[in-house]
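My numbering puts the sequence shown at residues 2 to 788.
Only one structure is covered here, and it is reproduced in the block below.
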Amino acid sequence: MQASPSMHKHDCAENHRAGQTKDPVCGMTVKTDSRISEHYQGQTYWFCSQKCLDKFQNAPDKYVSEHSIGRTPPALHSANVPAGTSGITEYTCPMHPEIRQLGPGSCPICGMALEPTIPELEEENNPELKDFSRRFWWTLPLTAVVVALAMFGHGLALFHGQSQNWIELAIATPVVLWGGWPFFTRGMISIRKRSPNMWTLIGLGTTAAYLYSVVATVLPGLFPTSFSVGGRIGVYYEAAAVIISLTLLGQILELRARSQTSSAIRALLGLSPKTARRINADGSEEDIPLTSVHEGDHLRVRPGEKVPVDGVVLEGESALDESMLTGEPVPVTKRPGDSVIGATLNAHGSLVMEATRVGSGTMLSQIVQMVANAQRSKAPMQRMADSVAGWFVLMVVSVAILTFFAWGLLGSEQGWLFGLINAVAVLIIACPCALGLATPMSIMVATGKAAGSGVLFRDAAAIEKMKQIDTLIVDKTGTLTEGRPVFDQAVGIAPFHADEVLNLAASLDQGSEHPLAHAIVEHARARGMELVRPSSFESSSGIGVRGEVAGQSLQLGNTALMEQAGVSVEELKDIAEKLRQQGASVMYLTVDGALAGLLAVSDPIKPTSLEAVKSLQADGVRVIMATGDGQTTAHAVAAKLGIDEVYGEVKPQDKERLAARLQSEGRRVAMAGDGINDAPALARADIGIAMGTGTDVAMNSAQVTLVKGDLRGILRARSLSVATVKNMRQNLMFAFLYNGLSIPIAAGVLYPLFGLLLSPMLAALAMSLSSASVVFNALRLRHARLD
Numbered sequence: 002m003q004a005s006p007s008m009h010k011h012d013c014a015e016n017h018r019a020g021q022t023k024d025p026v027c028g029m030t031v032k033t034d035s036r037i038s039e040h041y042q043g044q045t046y047w048f049c050s051q052k053c054l055d056k057f058q059n060a061p062d063k064y065v066s067e068h069s070i071g072r073t074p075p076a077l078h079s080a081n082v083p084a085g086t087s088g089i090t091e092y093t094c095p096m097h098p099e100i101r102q103l104g105p106g107s108c109p110i111c112g113m114a115l116e117p118t119i120p121e122l123e124e125e126n127n128p129e130l131k132d133f134s135r136r137f138w139w140t141l142p143l144t145a146v147v148v149a150l151a152m153f154g155h156g157l158a159l160f161h162g163q164s165q166n167w168i169e170l171a172i173a174t175p176v177v178l179w180g181g182w183p184f185f186t187r188g189m190i191s192i193r194k195r196s197p198n199m200w201t202l203i204g205l206g207t208t209a210a211y212l213y214s215v216v217a218t219v220l221p222g223l224f225p226t227s228f229s230v231g232g233r234i235g236v237y238y239e240a241a242a243v244i245i246s247l248t249l250l251g252q253i254l255e256l257r258a259r260s261q262t263s264s265a266i267r268a269l270l271g272l273s274p275k276t277a278r279r280i281n282a283d284g285s286e287e288d289i290p291l292t293s294v295h296e297g298d299h300l301r302v303r304p305g306e307k308v309p310v311d312g313v314v315l316e317g318e319s320a321l322d323e324s325m326l327t328g329e330p331v332p333v334t335k336r337p338g339d340s341v342i343g344a345t346l347n348a349h350g351s352l353v354m355e356a357t358r359v360g361s362g363t364m365l366s367q368i369v370q371m372v373a374n375a376q377r378s379k380a381p382m383q384r385m386a387d388s389v390a391g392w393f394v395l396m397v398v399s400v401a402i403l404t405f406f407a408w409g410l411l412g413s414e415q416g417w418l419f420g421l422i423n424a425v426a427v428l429i430i431a432c433p434c435a436l437g438l439a440t441p442m443s444i445m446v447a448t449g450k451a452a453g454s455g456v457l458f459r460d461a462a463a464i465e466k467m468k469q470i471d472t473l474i475v476d477k478t479g480t481l482t483e484g485r486p487v488f489d490q491a492v493g494i495a496p497f498h499a500d501e502v503l504n505l506a507a508s509l510d511q512g513s514e515h516p517l518a519h520a521i522v523e524h525a526r527a528r529g530m531e532l533v534r535p536s537s538f539e540s541s542s543g544i545g546v547r548g549e550v551a552g553q554s555l556q557l558g559n560t561a562l563m564e565q566a567g568v569s570v571e572e573l574k575d576i577a578e579k580l581r582q583q584g585a586s587v588m589y590l591t592v593d594g595a596l597a598g599l600l601a602v603s604d605p606i607k608p609t610s611l612e613a614v615k616s617l618q619a620d621g622v623r624v625i626m627a628t629g630d631g632q633t634t635a636h637a638v639a640a641k642l643g644i645d646e647v648y649g650e651v652k653p654q655d656k657e658r659l660a661a662r663l664q665s666e667g668r669r670v671a672m673a674g675d676g677i678n679d680a681p682a683l684a685r686a687d688i689g690i691a692m693g694t695g696t697d698v699a700m701n702s703a704q705v706t707l708v709k710g711d712l713r714g715i716l717r718a719r720s721l722s723v724a725t726v727k728n729m730r731q732n733l734m735f736a737f738l739y740n741g742l743s744i745p746i747a748a749g750v751l752y753p754l755f756g757l758l759l760s761p762m763l764a765a766l767a768m769s770l771s772s773a774s775v776v777f778n779a780l781r782l783r784h785a786r787l788d
């Protein structure tokens, strides 16, 4: 699609705001801070390498015109419109995700049909599938006639000498030139871009067979008499026509199969309701389109209806089925104050909720975007296939040329003719499409399967590496425990009494996002205490908080914070130890540098944590707890879960150092956490695993997100990783084995021994089936069992 200059400027501006743009030569995404750039006609262009810059400098006008094709950064959807429901449709290549443009087309690198980055809810009418189907069905009868003439025409009295060749030319030409036009166009683009691919081979092979036949028909006198059989020169119109028809059929099968890999995203998009019931300020209610819901709106969710957007329950109580998003089959009871996820089903009871996230900010939209991004990312295993594919095409062309001359120079009187046909067979059967599709198709199916089980992979590399993990570091609060602590008790030291300690601590904690702080603040408010807004607030992530309340300097945190402040906690040591042995978290409060008391908060262990830990240990994974809580509390929780290796009162940098130390010992480390203090370790680990119930910072630092925050999701992720890597290896092995065996056979190495030759028609059929078989093998992952 050729974009207007104004569209091009708009796209460039959007790219620059995102800190990235497209290399005008190769189309790869590059950062705008790259030193390899060129200023031309008032516009700055950035390049991925010096080689691309040199090409641009030699012919800038050529690449500037091509660069106007609408390519845009990944985030195209409006912030107020759920992803995948409307707006501009961006297309990308399944084999080269760096290629992006507005509207359908073909990849400039491999020539493959582009597909939407995020499919529409209703399965779109693929324009290429429609075009190829039309070309296939209109030309199939002509192909059948040409084949029949080639096989039986010589026995009919109707034809004499060259007349049959002219009839075959007339019938085959529409098949080759019209039916195969898209293939020739892509083949020319691959040569012009110096990016050889499957269309290079198909274009060369079909052109050679067709042009040879045309010359043999129009100028038969150029050929020696040995080429004449029954008064006519042998032609191969049927080979060219059948290659085109079978390639069209293969593309149709492949496009239909590839569309199934998007079924998981369509299923997610289909979860969202179309309308919401809004409660107006005057108490009246009305049904409105989902796109008209705004943050702060009060909505009613009746029994049997879906929650329209993310929000918080204001009134009512009900059980919500969150299984489609979290993989957890047990309904979850929701009461006032609880958060709800858009698109989950209200089983019974009426709820009044306040919308807190709408449009692309909802968890459903974020899941869709994350799944789509993961599906378009490249697995490390694919780098091998990518590096091989380009050289592979050049090797195939060389083998085809060698085949032609070997047969011509060493063969019989018709050696050159055999050489031409075998060279065409080599070009056709060696199509690298199966090699290129081997890993992307597996990744697309796997990420969709994982999303349906409550596991979100950020990229393909995470799927491939997950199976290698042998050590898991877990945070306690919000990861092993509910992350919704309950206030236990407050203890004061004279002149402070317990209620005063609670009031001061709750006032200070109003500025904290930590779950322990929320428990203290909620309990104080439930007691009817009047809290004072802190005039200053500072969070020492992992150890506590500091601030000023009503002119008093306060510090609230664990023993590490007290040691840092030089405050002795000896007076409360015995009480604190007793509380920790019961599994409570203890925080000390200082007022103007003096110890005022302590507060204890209990955080119940998740019902699924014990099962998850035991299963991981049985699977050979070394489980380590690292938490900012005190040693006694940490060991008390670890003992209940059967975790032997425990690190308590650790700071964020300590968790990161622990991950680095384990990696230096040769361990493959995963880190599971949910808080801001876990972000450094999540980024350091080989695989960072964030709880979907935790902070955005944690999820942004992780490669895997467990939507429900259930550690059993790690087991599902590992099972899927094993199945996916196995599937990718099967695909790659099949592609390499297929080409390794088929090329020599097509070249004719078995002819001296067995008299066996592979016709171009059979080569075209095998090529089409090889690509389709890789896609269908990847689709088997949809039925993989995730233990």
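Ideal placement from N, C-alpha and C gives every residue a C-beta, glycine not left out.
Bear in mind that the values here come from a model prediction, so they are computed numbers and not experimental data.
Check: Simplified DSSP assignment, three categories, for H40; Outcome: strand
Check: Three-state secondary structure (DSSP) of Y211; Outcome: helix
Check: As assigned by DSSP and simplified to three states, the class of Y752; Outcome: helix
Check: Burial state of W392, where buried means 16 or more other Cβ atoms lie within 10 Å; Outcome: exposed
Check: Identity of the residues DSSP links to Q553 by a beta bridge; Outcome: V550
Check: Proximity to A60 [Cα-Cα], best of E91, Q44 and V26; Outcome: V26
Check: W200 versus I172: straight-line alpha-carbon distance, rounded; Outcome: 24 Å
Check: Beta-carbon gap between V148 and I245 smaller than 7 Å; Outcome: no
Check: C-alpha distance - P117 paired with L130, whole-angstrom precision; Outcome: 14 Å
Check: Own chain partners of A447 with C-beta closer than 7 Å, once the 5 adjacent residues on each side are dropped; Outcome: I464, L721, T725 and L782
Check: 8 Å Cβ shell around G420 - same chain, five flanking residues per side excluded; Outcome: T404, F405, F406, A407, W408, G409 and G412
Check: D679 in three-state terms, based on DSSP; Outcome: helix
Check: Cut-off 7 Å between Cβ atoms - residues of its own chain near R713, not counting five sequence neighbours on either side; Outcome: T609, E612 and A613
Check: Member of V651, L270 and A748 whose CA lies at the smallest distance from the CA of I474; Outcome: V651
Check: contact_flag[the segment 273–290, the segment 202–214] where n(CB pairs < 8 Å) is 3 or more; Outcome: no
Check: Q102 (DSSP reduced to helix, strand or coil); Outcome: strand
Check: Neighbour-count burial assignment, H40, 16 or more Cβ in a 10 Å radius; Outcome: exposed
Check: Residue ranges of each alpha helix (DSSP H) within the segment 164–195, 4 or longer; Outcome: 164–174 and 182–193
Check: Cβ pair A561, I544 closer than 7 Å; Outcome: yes
Check: Beta strand (DSSP E) segment containing N504, residue limits; Outcome: Unbroken run through N504 is the alpha helix (DSSP H), A499 to D510; no beta strand (DSSP E).
Check: Length of the line joining the Cα atoms of W167 and T218; Outcome: 6 Å
Check: Beta-ladder partner(s) of H636, from DSSP; Outcome: Beta-bridge pairing links H636 to no other residue.
Check: Closer than 6 Å: I37 CB and nearest the ligand FAD heavy atom; Outcome: Only the bare structure without any ligand can be found here, which leaves the ligand FAD out of the picture.
Check: Among Y752, N778, G756 and A748, the one whose alpha carbon lies nearest that of V398; Outcome: A748
Check: Nearest neighbour of I444, chosen from L509, A114 and N732 [CA to CA]; Outcome: N732
Check: Status (buried if at least 16 other CB within 10 Å, exposed otherwise) for V723; Outcome: exposed
Check: Straight-line Cα distance separating E514 from K468; Outcome: 33 Å
Check: Best match in L150, G360 and F184 for proximity to E169 [C-alpha to C-alpha]; Outcome: L150
Check: Buried or exposed by the 16-neighbour rule on C-beta atoms within 10 Å, applied to L738; Outcome: exposed
Check: Whole runs of the alpha helix (DSSP H) within the segment 394–451, excluding any shorter than 4 residues; Outcome: 416–430
Check: Beta-carbon gap between V313 and S285 smaller than 7 Å; Outcome: no
Check: Identity of the residue in Y648, Q582, L321 and P304 nearest G350 by Cα; Outcome: P304
Check: Close beta carbons around G631, own chain, < 8 Å, minus the five adjacent residues each side; Outcome: N559, T560, A577, R581, S586, V587, G649 and E650
Check: Three-state secondary structure (DSSP) of K652; Outcome: coil
Check: Distance between beta carbons of D471 and Y621, contact taken as under 8 Å; Outcome: First, the amino acid is wrong: residue 621 is Gly here, not Tyr. Between D471 and G621 the Cβ distance is about 7 Å, and since that is below 8 Å, they are a contact.
Check: Y46 - DSSP class collapsed to helix/strand/coil; Outcome: strand
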